[in-house]
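Here's the structure we're looking at; comments come further down.
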Amino acid sequence: MMQVSLTPELESIIQDRIASGQYNTPMEIIREALRLIAERDHFLEIQRESLRHDIKAGLDQLDKGLAVTPTKEEVWRKIESRLTES
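The following block contains the structure:
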């Protein structure tokens, strides 16, 4: 069995969620929090893999002499579109 100490602020959040009827027990809240952490970690790994793929593709283009240098604005537009796709 694991015991966890929470700050008063975190305890208050848990109590508020239970009082609102959103959750029935502190354990439900902790399970949901851990599920969300795992989901976020999975999402971040997918993003990292996509970035690695893009970097490799760019390096392959450089090796073949096919590189096109984008403008700073084009790079930021691509980054922003990736963030909004997620």
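Residue numbers for the sequence shown follow this note's numbering, beginning at 101 and rising by one. We put the beta carbon where it would ideally sit given N, CA and C, even for glycine. Predicted, not measured: the structure shown is a model, and the values here were computed from it.
Taking C-beta to C-beta, are residue 117 and residue 130 nearer than 8 Å?
no
To the nearest angstrom, report how far apart residue 113 and residue 173 are at their CA atoms.
So the two alpha carbons sit approximately 41 Å from each other.
Whole angstroms are fine: how far does the CA of residue 169 sit from the CA of residue 180?
Taking the straight line from one Cα to the other gives about 18 Å.
The alpha helix (DSSP H) enclosing residue 136, as first and last residue numbers:
126-163
Residue range of the unbroken alpha helix (DSSP H) whose run includes residue 181:
172-185
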